[in-house]
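Colleague: This note's numbering puts the first residue of the sequence shown at 49, with every later residue one more than the last.
Ideal placement from N, C-alpha and C gives every residue a C-beta, glycine not left out.
Being a predicted model, the structure only gives us computed values, none of them experimental.
I'd like to ask some things about the structure below.
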Amino acid sequence: MDWNAWRRRWLTEPLYRRVRNGVTPLIQFQHHVLSSGDAWWESQLLSGRPDWGALTYVRPAALSVRETEFLDGAVARLCARLEQATNQDENLSGPDLWGMLKAEHFEGMAVPVEYGGQGLSAWAQSEVLRRVALRSVSTAYVLAARFVFGPAALLRVAATSEQREQWFPRLAEGSACAAIASFVVENDIVPIQATGVVLRRDDEGDTVLRLNWRGARYAPGPRPGLLVLPFRLHDPDGLLGPAGERGVCVALVDTGASGVMHHRSDGCMGRVASRSADAGADVQMPEMARGGSFDGRDVQLPLSALLGESDAIDQGLPALLAAQSVAKGIAMPALSAATVSLAGHASSAMLKLQGDGTGCEMLGARSRLGRLAAITYRVEAGRRFLCAGLDLGYRPVLAAALFDISIFEDVRSAMGDSMDLLGGAGPSLALAEWQESLHELLPSLFGLDALAAQARHTRVLALGMLRVHPYLTQELEALELPDTDAGCAAFDRLIWKHATLACSTLLRATGRAWTAGRLSPTPRLLGPVAPHYRRVNRYAAALAVLVEALQPGVRPIQASNEPGLERLLRVLARLMSLCAVLRRWQEDGRHDADLPLVEWCAADTYQAIDVLLAGVLKNFKVSVAGAALKGLLLPPGMRAAAPDDAVTLACAERLLTPSDTRERLVGTVWANHGLRHLGALEKAYECVVNVHDLREQIKQAGVSDWRLAHERGGLTDAQAKALEDAEAAVISALRGEVSG
């Protein structure tokens, strides 16, 4: 008896027919998403067996000499300019800022050096945005939208040499700033509405491209000279090959071409116009502070305007999607790191000022501050980790989406904690407007509108699984073969290898779940963080099992709407974030003082993952299978708990007390910072820290006021002067007065 023939006839063929009839073929846009970008560390986690040795090859992000000069020169001068503004919107209200950006070559940040640009790495671009965001969120947002999200990264990987020669020098010198149509940047679920037709002009006989579109928006600033426009290409006469629909392509549109119509919006990201209206003022918004949009009606362009070589014009959209993921991986963590570090700096200083012995001892306040400290550590770790991957040459579409999720949740939590801690002092410190700008602009940068968030990210995870799985992509290709005999033969070769892999993954996940991962392999010399590597191994194996159970590769379209897959997405995001934390602890020098921050992040991750996995299994479509998997993957009595109070309070102490750990957390906020309100707060914090021991001595002596101690001779004149100066500095900071 031929076992292989029997297996194919009685097992494989019925399964093949059933799956082939039930599977929904991938549409072209999904093929584009699948082929865009690269798989990175997330593929190790999704395999269920992460190779920790690969993580050691991720070099720490570092600046070159040229990049350091740019940050210390042009960026420092821009920050000094922003520090003189009286409000966020003043930064965008005139042409002088944009003239400075052009003169300092900010528009060429991502343009290669050989074309006259700065050629900044991902880490350097992230540092630029972080430093600017500490002074002005709105300006940092515009820098991100216009220059980081600009087309430089796209042109570098997808354009022809002629296109690079045409546009790179103009972008570098600022003579033709650029924008990408934002219906792709902000919401990649919206159908692409631009259309293009290839036709031959009767008068000259040239083959041209005729485009029509509406509402291609761009961020505030000068009118772009280049518009990167994705559109659906039709070739009715077969001038470029087979006649018919050619799919989604990308065009480089000169906005000065005939038929391009320009419209300016009414307000600077919605804020200044509304404030002027509330004040009853009829104020004309400065043009530089307003965004705009382009419409195109019968715009005729040469075929050389199509992005890429003539035989690869349909690869423009995958390149665009990958470029946007790179931009998000740079911009979003940078603004978020600025957000949480400033919140942690201001909140800890304010809590220290409010009594230095009363406010600091309030457990409710300290628990919030401890959570804020750990979140600050985690967000910065994510920024470093993602930029390190980008500078290695990866274009991690899925990893960028994962950090999108985890960092955005951390920012929302950090902002809530900081507002609780600052209370009414926020407006007096000039932080209220900063927070308002942040809440308005971050959702736009993250692209997390309520209607599209789940659909976009779960679809990315489903297609990301196809990319990293060793068999799913080939199985789908076998199912789509028109020759059913050949398809069944290919399916037979793959499906049983797939089944063997799934069974071994289930056994591994079960063993690691019931032993809490204690027997899983980890790198050597990890010291006190080794248990966390083992726990990540455990949860990675459980994640791989559940992703297999939900079968996103067989049902990619339906899977994009499954709440279970959305929960697994958050599990993967949490694991990626924890890996970044563990990596940061190693890079920083394995400081024992930082261990409470690592422990808090780990405990918070484990608790969240247990809740998410329980939600997946509770809502499993086949309840019996869900109950069985729950018994295997989530053993009773082994659920993770929230971070211990002692760990949380230790994290708070890291922000309250001057130390190297506090410098690593929020030290970069005040470095070379000239905002006067924060200056008053920092000065008061330093004064309070300097007299802390004196206050403790007075308290232990049973004296209620330092003045009485001075009168009795218990304090020298110099000590009394230090206490008086500290008291005056605290009052000045709490009143919102600026330092000299």
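Opposite leucine 293 in the DSSP bridges: which residues?
Modeller: Note that residue 293 is glutamate in the sequence shown, not leucine. Paired residue(s): His282.
Colleague: What are the uninterrupted segments assigned as beta strand (DSSP E) that are 3 or more residues long and contained completely in the stretch 663-715, given in chain order?
Modeller: None, since the stretch 663-715 contains no complete beta strand (DSSP E) of that length.
Colleague: Can you tell me whether DSSP reads methionine 624 as helix, strand or coil?
Modeller: Note: methionine 624 maps to helix in three-state DSSP.
Colleague: Leaving out five residues on either side along the sequence, give the residues of the same chain with a beta carbon under 7 Å from the beta carbon of leucine 496.
Modeller: Because the pLDDT at leucine 496 is just 41, under 50, the model does not fix this residue reliably, and the point stays unresolved.
Colleague: For aspartate 533, does the count of other Cβ atoms within 10 angstroms reach 16, so buried, or fall short, so exposed?
Modeller: Classification for aspartate 533: exposed.
Colleague: Taking its Cβ as the centre, do 16 or more other Cβ atoms sit within 10 Å of alanine 749, making it buried, or is it exposed?
Modeller: Exposed, by the Cβ-count rule.
Colleague: In the DSSP assignment, find the unbroken beta strand (DSSP E) run with glutamine 348 in it and report its ends.
Modeller: Here the beta strand (DSSP E) through glutamine 348 covers 340-350.
Colleague: CB alanine 802 to CB tyrosine 733, shorter than 8 Å?
Modeller: The requested residue 802 does not occur in the structure, where the chain is confined to residues 49 to 788.
Colleague: Rounded to whole angstroms, what is the Cα-Cα separation between arginine 212 and leucine 368?
Modeller: Taking the straight line from one Cα to the other gives about 15 Å.
Colleague: Looking at the unbroken alpha helix (DSSP H) that takes in valine 374, where does it start and where does it end?
Modeller: Note, valine 374: alpha helix (DSSP H), 364-401.
Colleague: Kindly indicate which three-state DSSP category glycine 101 falls into: helix, strand or coil?
Modeller: Looking at glycine 101 - three-state DSSP - the assignment turns out to be helix.
Colleague: For valine 71, which of helix, strand or coil comes out of DSSP?
Modeller: DSSP places valine 71 in coil when its eight states are reduced to three.
Colleague: Compare the beta carbon distance of isoleucine 228 and cysteine 297 with 8 Å and say whether it is the shorter of the two.
Modeller: Cβ atoms of isoleucine 228 and cysteine 297: not closer than 8 Å.
Colleague: Under DSSP, the alpha helix (DSSP H) around alanine 207 begins and ends at which residues?
Modeller: No alpha helix (DSSP H) contains alanine 207, which DSSP labels as neither H nor E.
Colleague: Under the assumption that glutamine 450 contacts methionine 624 (Cβ atoms under 8 Å), give the Cβ distance between them as a whole number of angstroms.
Modeller: Per the sequence shown, the amino acid found at residue 450 is leucine instead of glutamine. About 5 Å separates the two Cβ atoms, so the contact holds.
Colleague: Inspect the beta-carbon positions of alanine 592 and threonine 653 and report whether they are closer than 8 Å.
Modeller: No, the pair does not count as a contact, with Cβ atoms beyond the cut-off.
Colleague: Indicate whether the contact test is met: 3 or more Cβ pairs, each with one atom in the stretch 171-178 and one in the stretch 189-204, closer than 8 Å.
Modeller: Output reads yes: the stretch 189-204 touches the stretch 171-178.
Colleague: Can you find the residues in the same chain that come closer than 8 Å, C-beta to C-beta, to alanine 110, ignoring five residues on each side of it along the sequence?
Modeller: Same-chain partners within the cutoff: Trp171.
Colleague: Just the Cα atoms here: how many angstroms apart are serine 358 and cysteine 435?
Modeller: The alpha-carbon atoms of serine 358 and cysteine 435 are separated by roughly 33 Å.
Colleague: Kindly indicate the opening and closing residues of the alpha helix (DSSP H) around threonine 764.
Modeller: Run containing threonine 764: none; DSSP gives neither H nor E here.
Colleague: Sorted by chain position, which residues of the same chain lie with C-beta nearer than 7 Å to methionine 586's C-beta, five sequence neighbours on each side aside?
Modeller: For the sequence presented, residue 586 should be read as arginine rather than methionine. So the qualifying residues of the chain are Arg560, Ala561, Ala564, Gly565, Ser568.
Colleague: From the DSSP output, read off the bridge partner residues of aspartate 302.
Modeller: Answer is Leu274.
Colleague: Helix, strand or coil: how does DSSP classify tyrosine 266 here?
Modeller: Note: tyrosine 266 maps to strand in three-state DSSP.
Colleague: For the alpha helix (DSSP H) holding histidine 740, just list the boundary residues, first then last.
Modeller: 740-748 is the extent of the alpha helix (DSSP H) around histidine 740.
Colleague: What number of angstroms, rounded off, separates the C-alpha of valine 305 from the C-alpha of leucine 145?
Modeller: The identity of residue 305 in the sequence shown is alanine, whereas the question assumes valine. Approximately 28 Å between the Cα atoms of the pair.
Colleague: If you compare alpha carbons, which of Gly437, Leu446, Ala413, Asp439 is closest to methionine 467?
Modeller: Taking only the C-alpha atoms, the option nearest methionine 467 is Ala413.
Colleague: Let's see if you can read the secondary structure: which residues bound the alpha helix (DSSP H) around valine 308?
Modeller: From DSSP, valine 308 is part of no alpha helix (DSSP H) but of the beta strand (DSSP E) over 308-312.
Colleague: Could you name the residues of the same chain whose beta carbon sits closer than 7 Å to that of alanine 550, not counting the 5 residues immediately before and after it, in chain order?
Modeller: Here the set comprises Glu596.
Colleague: If the criterion is Cβ atoms closer than 8 Å, does the pair arginine 419 and alanine 370 meet it?
Modeller: It is not a contact, given that the beta carbons lie outside the stated cut-off.
Colleague: Cα separation between arginine 710 and valine 717?
Modeller: For arginine 710 and valine 717, the distance between alpha carbons rounds to 11 Å.
Colleague: Count the other C-beta atoms from every protein chain shown that fall within 10 angstroms of the C-beta of glycine 244, then say buried if there are 16 or more, exposed otherwise.
Modeller: Result: buried.
Colleague: Could you spell out the range, first to last residue, of the beta strand (DSSP E) harbouring glycine 244?
Modeller: Note, glycine 244: beta strand (DSSP E), 243-248.
Colleague: Could you give the first and the last residue of the continuous alpha helix (DSSP H) run that contains methionine 467?
Modeller: First-last of the alpha helix (DSSP H) with methionine 467: 445-470.
Colleague: How far does the alpha helix (DSSP H) with histidine 517 in it reach, from first residue to last?
Modeller: Here histidine 517 belongs to no alpha helix (DSSP H), and DSSP marks it neither H nor E.
Colleague: By how many angstroms is the C-alpha of alanine 391 removed from the C-alpha of leucine 470?
Modeller: If I take the Cα positions, the gap works out to 9 Å.
Colleague: Measuring straight from C-alpha to C-alpha, what distance separates alanine 353 and leucine 660?
Modeller: So the two alpha carbons sit approximately 47 Å from each other.
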